[in-house]
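Note that my numbering has the sequence shown beginning at 2, numbered continuously upward.
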Amino acid sequence: MKTIAKLLCGVALAAVAVAPASAKDLNKVGISVGLLGNPFFVATIKGIEDAARKINPNVEVTSVSADYDLNKQVSQVDSFIAAGVDVIMLNAVDAKAIAPAVKKAQAAGIVVAAFDVSAPGADVTVMTNNVKAGEAACQYLVDQTGGKGDYVILNGPASSSILERVKGCKDVLAKHPDIKILSDDQNAEGSRDGGLKVFQSLLTRFDKIDAVFAINDPTAIGAQLAAKQLNRSEFIFTAVDGAPDIEKELSSSGTSMIKASASQDPYVMAGQSLQMAAEVLAGKKPAEATVLLDPQLITAENLKDYKGWTAAR
């Protein structure tokens, strides 16, 4: 009997040794996104919720909007820490300044997973290759304007994704000395209202514009509205996201000034980030802590083959 007891004890100890001391179950998830008014982030939240419920049907998921306000997002992280969440899904509104909040959460034993944009020190990150997205969108503009003309870049908040899209765009434009960038530093806030307001101002400053790169689809849609209000139509737009609203624009029989968008898959992206975070929570180190998903340039010509954000997975 003693021998059997010793054997059982040995098996138990071996099991403890195999299981990581930090392994936890997924019970509570907190999500902070840049702006809930953007359908892109609604899709990311759905992706996270679905992925989390596959792991634990009774998981508690709380999602909040940071409204592109760093202080608000830091406060949200503090609230998640106080609530004892297991994972914080973070769409960082600032590529650098969020770092102390990430460290604070991790010090409290919480896994921090970044999606769509990077966050300094995050345990895992899944995002679109935003440099490629900016390159693809602006190469389209270059091709359509013959590598010359007056360009506008409608910028946005200082998140990593936006900084990288603008970098990709500028890398392409820099190869063409006959392209002049009229403006690249105006923050249109990643929103329709921001795109409308900023582009109204730019249209009053510049009599001729040939091409416009907007850092996301809502910005492009708002800017197009400003152009229509001021009866300006000499330019074309490209953007990034591949949102349902852009699908409508691209299928509008050539009446839209928005001609292309480098698409993302917010549902898959955010869901994959949650799955990786759950593995870290369970004590498994991911093979790659950062995953980049390639964008696809969507135009009227290839729209019929585009699955879109709302397609069944």
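Note that the Cβ used here is the ideal one computed from N, Cα and C, for glycine as well.
Do residue i and residue j have their C-beta atoms within less than 7 Å of each other?
| i | j | result |
| --- | --- | --- |
| G223 | L251 | no |
| S119 | S161 | yes |
| I180 | A221 | no |
| V78 | A102 | yes |
| Y307 | G48 | no |
| A159 | A96 | yes |
| V94 | Q74 | yes |
| H177 | G148 | yes |
| F200 | A175 | no |
| T401 | P296 | This structure gives no information on residue 401, because the portion of the chain shown stretches from 2 to 314. |
| A24 | G284 | yes |
| Y69 | L36 | yes |
| A106 | I82 | yes |
| L204 | L231 | yes |
Excluding the five sequence neighbours on either side, which residues of its own chain have a C-beta within less than 6 Å of the C-beta of residue i, listed in chain order?
| i | result |
| --- | --- |
| E165 | N131, V132 |
| G255 | none |
| V127 | F116, M270, Q273, S274, V292 |
| A290 | V125 |
| K171 | none |
| F169 | Note that residue 169 corresponds to Gly in the displayed sequence, not to Phe. The answer, listed in chain order, is V132, G135, E136. |
With a CB to CB cut of under 8 Å and the five nearest residues on each side skipped, what residues in its chain are close to residue i?
| i | result |
| --- | --- |
| F207 | D151, V153, L183, S184 |
| S262 | A138, D218, A221, T239, A240, V241, D242, G243, A244, I247, L251, L298, I299 |
| V173 | G135, E136, C139, Q140, V143 |
| A301 | L251, S252, G255, K260 |
| G85 | K29 |
| K209 | D151, E235 |
| Q187 | L155, N156, V199, S202, L203 |
Between residue i and the rest of its own chain, which residues show a CB-CB distance below 7 Å, the 5 nearest in sequence each way excluded?
| i | result |
| --- | --- |
| L27 | A53, I56, N57, V60, D87, V88, A279, L282 |
| I216 | L155, N156, G157, I163, R166, V167, G191, V241 |
| Q276 | A52 |
| L304 | E248, L251, S252 |
| S234 | A228, M258 |
| E146 | What sits at residue 146 in the sequence shown is Thr, not Glu. Contacts found: D211, A212. |
| K104 | G122 |
| R193 | P219, I222, G223 |
Tell me, to the nearest whole angstrom, how far the beta carbon of residue i is from that of residue j; I am working on the premise that it is less than 8 Å.
| i | j | result |
| --- | --- | --- |
| I32 | T63 | 7 Å |
| F236 | D211 | 6 Å |
| A98 | V113 | Not a contact, Cβ separation roughly 15 Å. |
| V34 | N72 | In fact, because the Cβ distance is near 16 Å, the residues do not count as touching under 8 Å. |
Closest Cβ-Cβ distance between residue i and chain E: below 7 Å?
| i | result |
| --- | --- |
| S234 | Any reference to chain E falls outside this structure, which holds one protein chain only. |
(message) Runs of 3 residues minimum, wholly inside the segment 175 to 258: which ones carry the beta strand (DSSP E) assignment?
(response) Here the runs fully enclosed are 180 to 188, 212 to 215, 237 to 242.
(request) Only counting runs of 4 or more residues, tell me where the alpha helix (DSSP H) segments fall wholly within the segment 19 to 94, in order along the chain. (result) If we require 4 residues or more, the alpha helix (DSSP H) runs fully inside the segment 19 to 94 come out as 40 to 56, 71 to 84.
(request) Report the residue ranges of all beta strand (DSSP E) runs contained in full by the segment 251 to 296; include only those spanning at least 3 residues, in chain order. (result) Considered as a whole, the segment 251 to 296 harbours 259 to 264, 291 to 294 as its complete beta strand (DSSP E) runs of no fewer than 3 residues, in chain order.
(request) Identify every run of the alpha helix (DSSP H) within the segment 93 to 155, keeping only runs that are complete inside it and at least 4 residues long; order them along the chain. (result) Taken in chain order, the complete alpha helix (DSSP H) segments of 4 or more residues contained in the segment 93 to 155 are 100 to 108, 131 to 146.
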